[in-house]
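*Asks:*
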Amino acid sequence: MTETMKAAIFVKPGEMTVREVPKARVEQPGDALVRVVRACVCGSDLWYFRGVSPHPQNSQIGHESIGVVEQVGDEVTSVQPGDFVVLPFPYSCGKCPVCEAGFESVCPHGGYFGASQAEYVRVPEADGTCVKVPGSPEDYDDETLASLLTIADVMSTGYHAAVSAEVRPGYTAVVMGDGAVGLCGVLSAKMLGASRIIAMSRHEDRAAVAREFGATDIVPERDQAAIDRVLGMTGGYGADAVLECVGSRQSFDTALGLIRRGGVIGRVGLPHDVEISAEGTFYGNIGIKGGPAPVRHYDLKAGLLDAVVNHEIDPGRVFTGVYDLDHIQEAYEAMDQRKVIKSLIRF
Ligand SMILES: [Zn+2]
Ligand SMILES: [Zn+2]
C-alpha cells in the first residue's frame, strides 16, 4: 500500500483544499525527505489564488517551510535524519560558479519548491539547499520558529532588496510594498544602516510593524503624489535607495520617479507588466538590480540565521494569522482579504 500524507491542494482560483496524496520520498541520491514543522502562504501564492497568474488545477503548492530531516539519499553528506533545517524557496547545487558567487537562487542545476504546504517535502540537491539550524524545533518558542520560517523566503528576500539597492549607512531608503517582504525590507534597510526609512503603506496594521522594524516615515500616497511627497522629504533629490517589493508597473514607475540620480532600485517583486526605459535610466545613471533572492547565501554568509537564533531580529512578526493545514482555505482568504499580513501553517 502506498504511504500517504496530507497536503494543501490548489483546486482552482479562490479554492484551496486538503487531500491525502502519495507521501513525498527520496527519489535521487542527492535528495532529503523533510517532515514539515511550519509552512506558510506567500504573496506569490495569492497571484494564483486570485487567478492573476496561472497554476495547474488540483495540484500541490507552497515553497516556504522549515522541518526535520527524516531520510536522506546515499550521496547526501551535510545533513542526517533528525537535523532541523530551513528550506530556502530555491533549491541549488551549492557548488557551481553561480552558487559560489552567491546566487544560489538562479543555480542552473536548481529550481524552486512547489509542494511545501504539506506534511512532508522532498528536497532535491539537499547538500546545497538545506540550512541547518542548531538543535531541534522543540528548543525554540513559537516566535523564534516563525522567524526561522521567514529566512526560507520573505526575510531573505527583503534583505536581497536592500543589498541590491546598495543601502549604506546614513542613506534614505524607500520601501515599496507593505506585505511581508516589504516589511522585512524595512528591517533589512535598518540592518544595513539606513538612517531614514520611508515605508509606503496605507494599512495601519502593516504600518505599525514597519515602524517596529525601523521605518521612520509612513507614506500612504501613491503614484505622482507619492513621488512628490518623497521628493519633498529629500530636498527635491529623491531617495538614495529604493527597495521595490511589489513588482507591478505602478510600483516600478513610482520607484523610478523617486530614486535619486545615481541611485539603485533593488527589485524583488515578481515583475508584472513592467517596462523600464533604457534611456530614462541611462540619463539618470539609475541602477536596477535584483531578482529571486539567494536565500541560503544570506542565511549562512550574511548571518540572518544567527541573527534570528540570537534574537537580534524578530522578522516572524509578519505572521499575524496562524492556521492548521485543515484550514488552508481560511489561511489564503485571510491574506487575500488583507485580514492578516501573512498566514503561518502549523503542523
Ligand atoms: Zn514566497
Ligand atoms: Zn549551483
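-8 is the number that our numbering gives to position 6 of the sequence shown; each next residue is one higher, with no gaps.
Beta carbons: idealized from backbone N, C-alpha and C, even for Gly.
No experiment lies behind these values; they were computed from the predicted model shown.
(1) Could you name the residues of the same chain whose beta carbon sits closer than 6 Å to that of HIS146, not counting the 5 residues immediately before and after it, in chain order?
(2) State the DSSP-derived secondary structure class of PRO123, mapped to helix, strand or coil.
(3) How would you label HIS49, buried or exposed, when you count the other beta carbons within 10 angstroms and need 16 or more for buried?
(4) Can you list, in chain order, every residue whose CB sits closer than 6 Å to a heavy atom of ligand 1?
(5) Ligand 2: which residues have Cβ under 7 Å from any of its heavy atoms, chain order?
(6) Under the rule that 16 or more other beta-carbon atoms within 10 Å means buried, what is THR115, buried or exposed?
(7) Thinking C-beta only, is LYS275 closer than 7 Å to VAL250?
(8) Taking 7 Å as the cut-off, decide whether the C-beta atoms of ALA185 and ALA201 are in contact.
(9) According to the neighbour-count rule (16 or more other Cβ atoms, all chains shown, within 10 Å of its Cβ), is ALA320 buried or exposed?
(10) Locate the alpha helix (DSSP H) running through VAL216, then write down its first and last residues.
(11) Please classify LYS414: does DSSP put it in a helix, a strand, or coil?
(12) Ignoring anything shorter than 3 residues or poking outside the segment 43 to 110, list the beta strand (DSSP E) runs there in chain order.
(13) Give the DSSP-derived three-state secondary structure of PHE238 in the structure shown.
(14) Which same chain residues, not among the five before or five after GLU129, have their C-beta less than 6 Å away from its C-beta?
*Replies:* In short:
(1) VAL254 and ALA279
(2) helix
(3) buried
(4) CYS28, SER30, HIS49, GLU50, PHE75 and ASP139
(5) SER78, CYS79, GLY80, LYS81, CYS82, VAL84, CYS85, GLU90, CYS93, PRO94, HIS95, GLY96 and GLY114
(6) buried
(7) yes
(8) yes
(9) buried
(10) 209 to 219
(11) The chain is shown from -13 up to 333; residue 414 falls before or after that span and cannot be answered.
(12) 51 to 58, 70 to 73 and 106 to 109
(13) helix
(14) GLY302
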